[in-house]
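Residue numbers (my numbering), protein chains in the order written: chain A, 2 to 429; chain B, 81 to 240.
Next up, the structure:
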């Protein structure tokens, strides 16, 4: 089985072990034999797509950076990893930090960047220290800093610790956070490649995306396109959690059947129970029904068939005993807590979703509440500066759509009356 | 007020050198303050404002935006219990209820002896080892049960 990042090599996190296994050869090759455009072109033809959730083609993103500019250019490496169900980047910091550092160097070389900021969520204290240790070793050996490997290519890499805000995983909020501001997403356009950190051209890439790049440079674009699903090639670090016997992070080719992951890789559903629902890519992604799980393949194109997406590949498995109303309340609570408050539909709408769901849980729900929830979700979706609004709306909209019978069982069949609507107001 | 000693001031200068503007050093410097004081007071914010040439109002806005910055003192052991979906499925709320009952405090409250604060927190990116808690924004304690969590609390008490 092809493994690109989490290879079965003991102590790979140590720089000498990484070097002994071909580490830092890709950046050497790039500096000695390739132009910056060559590097971008290889990444582009590899069809590598971003691992942060949006699946945007990485090489294409790199070409958006202006070539002729007086301004300094920046790279932000997104290790905010706060989407519930996602815990893959910490695995990279722990098991193979140098491959991520090398990928960052390649991105900097390709785009002419002299400073990269690695934004890591504040809770990852341990992993920030692990990456800092790796970075110190890379500096000592001359892989990072001035005149890398004796060339005229120089770049610095700095770690920037977040402080507990999910929204800072959104690229423009991340940049504001690096600048020492509240993590408010920015209105786009202008896009970061034109106007990013301190108004300068900036690219933001996910940690896993960057960690994949050295292997693409080493083995070639064609090698990469042969792995996994043709339209979304490579491997993904699947973080499997919830009701499975062996939860954890597993690197598998894109397009791996979901049931292979649950049954063969993770040892089946906990207690030998049946599946109730699976969220395939972090809590914002539309869920899958047990029937859909049977045929679902884990790549972005295949999951579109079920109205869902691969997201961060954080697979949350729930068995037949799971109370979906409680799950949806917990998800709604998260997005309500994490909404930055800039846009009215998200700030107010996430609160409405939570309050209506809680009212149902308290036994005061009406059948029309299910349509009310969907209506609120539809009024958030697409009406906000950033995708947090969508992330809050999708699970509510899709879970009710796909599991309507479960929710109907929680509410009274009577129609809503005015006093009840008033009661929603008073529950603020 | 002089919060930082010479060595710490040197560290601030080093952090500032990472960025083209000193305001960008705000989050790392606020982390230094919290590390030293346990929380971030109004006086500390003013001190940092003078240090980085950033207004107190801006800093107040930043401190209140980020959940991990403590706006008031916390107990010696700040138990941050994840109850998000993956932890919830594996008993995260059992841990929370247990701690709340055992210590006699609710969310964001501190025991009278100042030893423990409990807080229900959002996903900590430890879903494969759920349920779990973080203590004092640092160590993760993973794959917990109510029993092992109870022992952990006892260990903290005894280590005090």
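From the three backbone atoms N, C-alpha and C, an ideal C-beta is built for every residue, glycine too.
Going by DSSP, residue 330 of chain A is part of the alpha helix (DSSP H) stretching over 325-339. For the stretch 158-173 of chain A, residues whose beta-carbon sits nearer than 8 Å to a beta-carbon of chain B comprise 159, 161, 162, 163, 164, 165, 166 and 167. For residue 211 of chain B, there are no C-beta contacts with chain A under 7 Å, since the nearest C-beta of that chain is about 11 Å from it.
Put simply, of A:160, A:184, A:143 and A:158 the residue whose alpha carbon is nearest the alpha carbon of residue 152 of chain A is A:143. Beta-bridge partners of residue 80 of chain A (DSSP): A:121. For residue 59 of chain A, the enclosing alpha helix (DSSP H) begins and ends at 59-64. In this structure, residue 355 of chain A places its C-beta atom within 8 Å of the C-beta atom of residue 330 of chain A.
A distance below 6 Å between beta-carbons, with the five flanking residues on each side excluded, links residue 187 of chain A to the following residues of its chain, in chain order: 173. Residue-level contact check: residue 240 of chain A touches chain B, since one or more beta carbons of chain B fall below 8 Å from its beta carbon. Excluding the 5 residues flanking it on each side, residue 90 of chain A has same chain C-beta neighbours closer than 6 Å at 80, 82 and 208, in chain order.
In this structure, residue 300 of chain A places its C-beta atom within 8 Å of the C-beta atom of residue 229 of chain A. Among the residues of the stretch 137-152 of chain B, those with a Cβ less than 7 Å away from any Cβ of chain A are 141, 142, 145, 146, 147, 148 and 149, in the order of the chain.
For the alpha helix (DSSP H) assignment, the uninterrupted runs of no fewer than 4 residues enclosed by the stretch 288-320 of chain A are, from N- to C-terminal side, 291-296 and 301-305.
Bounds of any alpha helix (DSSP H) do not take in residue 50 of chain A, whose DSSP letter is neither H nor E. Boundaries of the beta strand (DSSP E) harbouring residue 278 of chain A: 276-280, taken from the DSSP string.
Under the three-state reduction of DSSP output, residue 116 of chain A falls in the strand class. Residues of the stretch 317-333 of chain A with a C-beta less than 9 Å from any C-beta of chain B: 317, 318, 319, 320, 323, 327, 328, 331 and 332, listed in chain order.
In the assembly as shown, residue 406 of chain A is an exposed residue. Its beta-carbon has fewer than 16 other beta-carbons within 10 Å. In this structure residue 183 of chain A is in contact with residue 142 of chain B, their Cβ atoms being roughly 6 Å apart against a cut-off of 8 Å. Counting every other CB atom within 10 Å of its CB across the protein chains shown gives residue 236 of chain A a total of 16 or more, marking it as buried. The straight-line gap separating the alpha-carbon atoms of residue 67 of chain A and residue 159 of chain A is approximately 23 Å. Taking a beta-carbon distance threshold of 8 Å, residue 96 of chain A does not count as an interface residue toward chain B.
Per DSSP, residue 243 of chain A lies in no alpha helix (DSSP H); the unbroken beta strand (DSSP E) holding it starts and ends at 236-243.
Residue 408 of chain A: not part of any beta strand (DSSP E); member of the alpha helix (DSSP H) spanning 405-409, first to last residue. Note on geometry: alpha-carbon atoms of residue 53 of chain A and residue 172 of chain B lie some 26 Å from one another.
In this structure residue 97 of chain A is in contact with residue 7 of chain A, their Cβ atoms being roughly 7 Å apart against a cut-off of 8 Å. Beta-bridge partners of residue 240 of chain B (DSSP): none assigned. Fewer than three Cβ pairs drawn from the stretch 281-298 of chain A and the stretch 123-139 of chain B lie within less than 8 Å of each other, which leaves the two stretches out of contact. Under the DSSP definition of a beta bridge, residue 162 of chain B partners with B:201. By the CB criterion at 8 Å, residue 226 of chain A and residue 47 of chain A fall inside the cutoff.
Here the alpha carbon of residue 403 of chain A sits roughly 29 Å from the alpha carbon of residue 234 of chain A.
Here the C-alpha atom of residue 179 of chain A lies approximately 12 Å from the C-alpha atom of residue 75 of chain A.
Looking at A:350, A:346, A:73 and A:221, the one whose alpha-carbon comes closest to that of residue 202 of chain A is A:73. Taking C-alpha positions only, residue 41 of chain A is separated from residue 359 of chain A by approximately 50 Å. Listed as beta-bridge partners of residue 249 of chain A by DSSP are A:241. The alpha helix (DSSP H) runs lying completely inside the stretch 107-174 of chain B and spanning 4 residues or more are 122-132, 136-145 and 165-169, given in chain order.
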